[in-house]
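Chains B and P supply the protein sequences, listed in that same order. Position one of the first sequence corresponds to residue 1 (my numbering), numbered consecutively onward. Position one of the second sequence corresponds to residue 1001 (my numbering), numbered consecutively onward. We put the beta carbon where it would ideally sit given N, CA and C, even for glycine.
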Amino acid sequence: MKTKNKIRVLIAKPGLDGHDKGAKIVALALRDAGMEVIYSGLHQTLDQIMQTATQEAVDVIGLSIMSGAHLPICEKLIGMMKEQGLTDVYLTVGGVIPHQDIPKLKEMGVAEVFPGGISFEGITTGMNKLFE
Amino acid sequence: MIRLIEDNDPSAFELLKQLYPHAGGAFIIGITGSPGVGKSTLIDAMITEFRKLGKKVAVIAVDPSSPVSGGAILGDRIRMQRHATDTGVFIRSMASRGQKGGLSRATKDAVIVLDAMGYDVIIIETVGAGQAEFDIAGLAHSVGIVSIPGTGDGIQAVKAGILETGDIFIVNKSDKPDADAACHELVMMLGMRNLSETQWTPGVLKTIARNGTGVDKLAQSFLSHFNFMKKNGLIDLKRKKMEQMYFQSILKDLTLEKILALMKESTNFKETSKKIESGSMNPLSAAELMVKTLKVTR
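This is the structure we're talking about:
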């Protein structure tokens, strides 16, 4: 585990779903918890997410997915992260994630999953725990 | 590497020393203006223009950190998405944090890294100008000041003290009413400015960043300002000035660090601290006394 005096997080929404209110609110909650949040907005391709994460030197990528495509998206992104050497960056996912998928995501290498209904505190402590 | 600078990592200093000789080739542009005038969108369109000219472009977008939580939302690159996968474009957001040595130092360090990486044009985006802490004019060759029509009369511009630092003035969102009036106002105010130092007459340009109108001209204006400075030897003058400022800001940081560390080790410091705790001396007199007893050996 690595400790950080300032956690930088990329909040991105991959693919086609068009609701980013949740992602924006999470971005604000993370800011209020003292983190630096790069908000890249809607309709991100995985290439864009990779490029942004690299240029911005983030510690965590936080995906917001409500389209149901979390499994294939995470699998692909984790593959790209490994391929391009982003091995010291954590991937977290939030949004509409059915509980039975959480173990699958974690097995894939997703560091933390924040399903719908979780509190801000749950998200920020979950994020902070990655760096303890 | 920029991350190391932001985190005040000691290894960053060594790396910067090695990179410094490779920097100096880039044209550095500062873009400043109030929130919401369209700086990010304008930069997005400028990237497109500079890319057309075959130039590699880097952007440093500075956003404020929250003074309460220390966190920040960095959302400037959201307007620059279409360049996200172009390998000739590098966009980096920086939060102002409570930077040691002020934001200028960290930004300057980041500019050196990008310059040494071979970017031809480096654009620094920041809110506000004229503050002591963040002197954009001391970091960039060319400063563009962005405003929009209908935000009050010209007195606002003079009041903010930004008129002196700008090389090019941009009236963005110029499809809105009063754009011409805003331009005329600026031209008039600029006419009263003392130009003897640079001999450069600042232009006032109208743009609509959203659809790119006027941005080709803007990019050309920046380049012609750069060429103008080159021709008149002003670039060399500017370089010397920038190096001197950089030298002094590093000197200030290092000196402060060293002297404070030495002071804190001294018995004098411990005794004085105790006196403050016990209430027999107030913090003002204590600090004054500490500095008075400071000795410098030549």
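Can you confirm whether P/I1073, when its beta carbon is compared against all beta carbons of chain B, has any partner nearer than 8 Å? yes
Can you tell me the Cβ-Cβ gap for P/E1125 and P/A1061, rounded? I've got them flagged as a contact below 8 Å. 4 Å
Under 8 Å between C-beta atoms, does B/I38 make it to chain P? yes
Determine the DSSP secondary structure at P/S1224, reduced to helix, strand or coil. helix
Delimiting residues of the alpha helix (DSSP H) encompassing B/T159: This structure gives no information on residue 159 of chain B, because the portion of chain B shown stretches from 1 to 132.
Using 8 Å as the cut-off, can you tell me whether the region 1142–1152 of chain P makes contact with the region 1161–1179 of chain P, which would need three or more C-beta pairs spanning the two stretches below that distance? yes
Looking only at its chain, what residues have a beta carbon closer than 6 Å to the beta carbon of P/K1055, apart from the 5 residues adjacent to it on each side? D1120, V1121
Quick one, which of B/K82, B/V26, B/T54 has its alpha-carbon nearest B/L63's? B/V26
For chain B, check one thing: does any of its Cβ atoms lie closer than 8 Å to the Cβ of P/R1077? yes
DSSP three-state call for B/I61: helix, strand or coil? strand
So, do the region 106–124 of chain B and the region 47–57 of chain B have three or more beta carbon pairs nearer to each other than 8 Å? no
Distance between beta carbons of P/D1109 and P/L1254, contact taken as under 8 Å: With 8 Å as the limit, P/L1254 and P/D1109 do not qualify as a contact, their Cβ atoms being about 14 Å apart.
On the DSSP letters alone, give me the boundaries of the alpha helix (DSSP H) that P/H1184 sits inside. 1179–1191
Under 8 Å between beta-carbons, which chain B residues line up against P/T1085? List them in chain order, please. T45, D47, Q48, Q51
Mind listing the chain P neighbours of B/N5? Cutoff is C-beta to C-beta under 8 Å, in chain order. D1007
In the DSSP assignment, what are the bridge partners of B/Y39? B/I11
Report yes or no: do the region 1033–1053 of chain P and the region 15–26 of chain B share at least 3 C-beta pairs separated by less than 8 Å? The region 1033–1053 of chain P vs the region 15–26 of chain B: no contact.
Under the rule that 16 or more other beta-carbon atoms within 10 Å means buried, what is P/M1192, buried or exposed? Exposed is the label assigned to P/M1192, since fewer than 16 other Cβ atoms lie within 10 Å of its Cβ.
Backbone CA spacing between P/T1272 and B/V113 [nearest angstrom]: 52 Å
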